[in-house]
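One structure is given here, and the rest of the page talks about it.
Protein chains: 2
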Amino acid sequence: MGSRPRTPAKIDRLDRDDPLAALRDAFNLDPHVIYLDGNSLGALPKATAGRLAQAVSREWGEGLIKSWNTHDWIGAPQRVGGKIARLIGAQSDEVLATDSTSVNLFKLVGAATMLAPARRTILSEAGNFPTDLYVMGGLEALLGRKVKLRVAPAESLLSEIDQDTAAVVLTHVHYAAGRRWPMAEITARAHAKGAMMIWDLSHSAGALAVDLNGAAADLAVGCGYKYLNGGPGAPAFLFVARRHQAMIRSPLSGWMGHEAPFAFADDYQPAAGVDRFLCGTPPILGLAALEASLDMLGEVDMAAVEAKGAALTELFIALAASRCPGLPLASPRAAKDRGLHLCFRHVDAYAVMQALIERGVIGDFRAPDLLRFGFSPLYVSYRDVWNAVEILADVLESRAFDDPRHHRRSAVT
Amino acid sequence: MGSRPRTPAKIDRLDRDDPLAALRDAFNLDPHVIYLDGNSLGALPKATAGRLAQAVSREWGEGLIKSWNTHDWIGAPQRVGGKIARLIGAQSDEVLATDSTSVNLFKLVGAATMLAPARRTILSEAGNFPTDLYVMGGLEALLGRKVKLRVAPAESLLSEIDQDTAAVVLTHVHYAAGRRWPMAEITARAHAKGAMMIWDLSHSAGALAVDLNGAAADLAVGCGYKYLNGGPGAPAFLFVARRHQAMIRSPLSGWMGHEAPFAFADDYQPAAGVDRFLCGTPPILGLAALEASLDMLGEVDMAAVEAKGAALTELFIALAASRCPGLPLASPRAAKDRGLHLCFRHVDAYAVMQALIERGVIGDFRAPDLLRFGFSPLYVSYRDVWNAVEILADVLESRAFDDPRHHRRSAVT
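Those sequence lines, one after another, are chains B and W.
For the first sequence, the numbering used here assigns the number 23 to the initial residue and increments by one for each residue that follows.
For the second sequence, the numbering used here assigns the number 23 to the initial residue and increments by one for each residue that follows.
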């Protein structure tokens, strides 16, 4: 995108040539809205409402308890996980859709510390997505002196990996800056010191051509409600590389991770494979919604998704540089170093975002001073990018964000 | 129910006089089915499909990310928890609807061990619902020598509580036998030794007039998909008595339990009150379905629910004793000592249950030899009980269960 298109006509040509353009019709999106927040909550696939209505009325209402077998509710975490596997470079028997990202991260970090009892440090990044740090801190508080969370700035983090490091826990694409860690290289650095590598894919699954096995990753978690469009609070997922499955144990050893849950034995015997990372009864309605979205994704090529995402973000950066001077980009300049969202710094970022939302451009605010825009290639068009920058420029020039209404904070920002 | 009704006409009079009879119309139930498995998966309330369709199409599809505020998604765990509180004798600020029963139990048992680091034993019952034992065993494996799970038979359990007991963890109504612990008495016994009392209400919430605060209970968990009719794998709930809320900490300290999740600070500060037991992003679709059911329950008097449940189970026992001689009851004989499900022992229990299901009487099998029947007073009628016993008698007399089809096991029993 060296020569940036300067006219709506040229922009529209990009949309006509977009191999993913037809996917937008698979979503229910108000045509008056430019939705640049799919990195926080993905849009609603058209197939979801019908799939969920079927799960409720036919499977639950008519099938009742029998649907655990007849509609294979019992296999849903594995079946849905298998459909996520393709998107993240994993085998279908390495992924489960279950619980929340936070709970899944606790399972994996706890498991990693149990695998390497002589190593006491969990290493992560200062400013990592807070729930990841909080979950690791909670594990530390529970375990007392057995485990220590060490947090280092991104720049010096790699030099902190040592013989005491049980696991390195990083978010592949940073939730704010959008900075992307080079997965294979970082994983190799962890392995060189004998540490496990745990990736949080919340901001990359469904957006980038993630290749966990290509990177020799050990463990991973990710989110179902962002680029996977599973709905608010959708079940999350976890990944355990095959080579670890025989030895690893989940600290959250609920009955669904037992080798024979319906034998009702007092003693716990972990199921074979990744199944041992199941815990309680699977959330069937949430899984049905997530599966509808994954089925819609079907055979979509993740390399094409990532390429379109790079083009969309490049276009936004170029147009914003031209139309919104003095709005500094807070994300890496090179597409290969980013995910599919961008942050810009503005002293009144919260109010600016409210003014944008009022005008139909939905992004979000991240404290303290970031405007964040996400570009899901499944439903964001080049024309959306053009229009969004035009509206952003107008909001900034007119200082529409000075309106006191736009400074009133909501519970969720 | 000393004099048991012997004719369908007398049975129908019980239904006519039943103050809860009208509630059955609030459920979608096939009139040809006698559903005696609401203790495993509650029936579908008529309001649920519409509520869920609204959550999907209007709140998610149209409201998109804004619905966290405009539809108060962010307050859903507390709001739905508050609606459960009334049913279990708790205050609305003591209950959250979140995660699974297994995950919630891990939080509470982990929290109890952190509150009493000098005590090392968690005491539970042999033959307790397996996931409870497995979750406590997982905590033990994670913590190493800091915590020891001790499992004792029900008969001798109370004498095992001692100065080393951090927590006593019991299921109020046993999942198989249906035996009910006297909550206030057992809680007092735990407190007398300085131990915390943790109740699992999975088989009593929505069925019995549970009174957690009346019993001075400390902590509790329970299930959303049994008598609360929240749908397959519905969010579960947890209870933390107000007096503990200031000191207690959750070992699963995700961002939703932070005092200011959207400040995105690196350091964890637990939210005030029970909110600190939230972990990941709440499952909004599952919570919407659960809330629809709780709203349908509205102001239903739990004492009336328990009384009808006692009458239904008494009737079933009396009729079965008369019509199915030689089928031993495996549940306590006195209604006050039971929940709302009954077990009977039969050497071919699995096949008998399959034959019953084929004839429209849906109960379930619990290994190794139990026929289990649950009687949700919200939608089971006295006539259902009469008809079910007639069909059971016929299946046993005709040995319809000898059909080889009925001996083939499914994944979920």
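Glycine included, C-beta positions come from ideal geometry on N, C-alpha and C.
None of these values were measured; they are calculated from a predicted model.
Handout entry: Short Cβ contact (8 Å threshold) for Ala133/W with Arg265/W
Key = no
Exercise for the section: State yes or no: is the beta carbon of His280/B nearer than 8 Å to at least one beta carbon in chain W? Expected result: yes
Practice task
Say whether the region 180-193 of chain B touches the region 314-330 of chain B, bearing in mind that this needs 3 or more beta-carbon pairs closer than 8 Å, one atom from each stretch.
Solution key: no
Handout entry: Rounded straight-line distance, which links the Cα of Asp184/W to that of Ala217/W
Key = 8 Å
Handout entry: Sheet register partners of Tyr57/W (DSSP bridge)
Key = Ile384/W
Handout entry: Contact belief for Arg211/B with Leu180/B at Cβ below 8 Å, rounded distance in angstroms
Key = 5 Å
Practice task
Would you kindly work out how many angstroms separate the C-alpha atoms of Met23/W and Tyr372/W, rounded to a whole number?
Solution key: With a pLDDT of only 43 at Met23/W, under the threshold of 50, the placement of this residue in the model should not be trusted; the figure read from the coordinates follows. Taking the straight line joining both Cα atoms gives about 30 Å.
Exercise for the section: Between the Cα of Cys301/W and those of Ile208/W, Leu171/W and Ser122/W, spot the shortest distance and give me the residue it belongs to. Expected result: Ser122/W
Handout entry: Within chain W, partners of Pro175/B - CB distance below 9 Å
Key = Result: empty, since nearest Cβ-Cβ is about 11 Å, beyond 9 Å.
Problem - Own chain, CB closer than 8 Å to Phe338/W, minus 5 neighbours either side, in chain order - result: Leu364, Phe395, Phe397, Val407, Ala410 and Val411
Problem - Limits of the unbroken beta strand (DSSP E) element including Ile220/W - result: Met218 to Asp222
Handout entry: Phe284/W (DSSP reduced to helix, strand or coil)
Key = helix
Practice task
Give the C-beta separation of Leu274/B and Phe128/W to the nearest angstrom, bearing in mind that I take them to be a contact with Cβ-Cβ under 8 Å.
Solution key: 6 Å
Exercise for the section: For Val78/W, go through chain B and note every residue whose CB falls closer than 8 Å to its CB, in chain order. Expected result: Leu66, Thr70, Ala71, Leu74, Gly253 and Ala311
Handout entry: Beta-carbon proximity of Leu145/B to Ala174/B, cut-off 8 Å
Key = yes
Practice task
Please list, in chain order, all residues of the same chain as Lys68/W whose beta carbon is under 7 Å from its beta carbon, the five residues on each side excluded.
Solution key: Ala48, Phe49 and Asn50
Exercise for the section: Please name the residue, chosen from Thr435/B, Ser315/B, Ala389/B and Leu307/B, that lies closest to Tyr401/B on a Cα-to-Cα basis. Expected result: Ser315/B
Practice task
Say yes only if the C-beta of Arg141/B is nearer than 7 Å to one or more non-hydrogen atoms of the ligand GDP, and no if none qualify.
Solution key: With respect to small molecules bound, the structure shown includes none, and the ligand GDP cannot be examined in it.
Practice task
For Pro53/W, return the contacting residues in chain B, with the cut-off set at a CB-CB distance below 7 Å.
Solution key: The premise fails here: Pro53/W is roughly 12 Å from chain B at the closest Cβ pair, so nothing lies under 7 Å.
Exercise for the section: Return helix, strand or coil for Ser146/B, following the three-state DSSP convention. Expected result: strand
Problem - Neighbourhood of Ala17/W by C-beta, 8 Å cutoff - its chain only, sequence neighbours within 5 removed - result: In the structure as shown, chain W begins at 23 and stops at 435. Residue 17/W is therefore absent and cannot be evaluated.
Practice task
Would you kindly work out how many angstroms separate the C-alpha atoms of Ala31/W and Thr303/B, rounded to a whole number?
Solution key: 41 Å
Exercise for the section: Flag Met23/B as yes if its beta-carbon sits less than 8 Å from any beta-carbon of chain W, otherwise no. Expected result: Confidence at Met23/B is low in this model, with a pLDDT of 43, below 50, so its placement is unreliable and no value can be given for it.
Handout entry: Sub-8 Å separation of Ile413/B and Val369/B beta-carbons
Key = no
Exercise for the section: Out of Ala199/B, Ala433/B and Ala415/B, point me to the one whose CA is closest to Leu341/B's CA. Expected result: Ala415/B
Practice task
Provide the residue(s) that pair with Leu351/B in DSSP beta bridges, ordered along the chain.
Solution key: Phe366/B
Practice task
Report, in whole angstroms, the separation of the C-beta atoms of Gly246/B and Pro254/B, which I expect to be a contact under 8 Å.
Solution key: With a Cβ gap of about 10 Å, Gly246/B and Pro254/B do not count as contacting.
Problem - C-alpha gap between Arg431/W and Tyr290/B, whole angstroms - result: 22 Å
Problem - Bounding residues of the alpha helix (DSSP H) (the contiguous stretch that carries Ala214/W) - result: Met205 to Ala214
Handout entry: Backbone secondary structure at Ala133/B - three-state DSSP
Key = helix
Exercise for the section: If I'm right that Lys105/W touches Arg142/W with Cβ under 8 Å, what's the distance once you round it to whole angstroms? Expected result: So it is not a contact: roughly 37 Å between Cβ atoms.
Practice task
Say whether chain W places a C-beta atom closer than 8 Å to the C-beta of Thr303/B.
Solution key: yes
Exercise for the section: Return yes when the Cβ of Pro354/B is within less than 8 Å of the Cβ of Arg201/B, no when it is not. Expected result: yes
Exercise for the section: Work out the CA separation of Ala239/W and Ser473/B for me, nearest whole Å. Expected result: Limits of chain B in this structure are 23 at one end and 435 at the other, which puts residue 473/B out of reach.
Handout entry: Reduced DSSP secondary structure (H/G/I, E/B, other) of Gln50/B
Key = According to the sequence shown, residue 50/B is Asn rather than Gln. DSSP places Asn50/B in strand when its eight states are reduced to three.
Exercise for the section: Counting only the same chain and skipping the five closest in sequence on each side, list residues whose C-beta sits under 7 Å from that of Glu81/W. Expected result: Ser89 and His93
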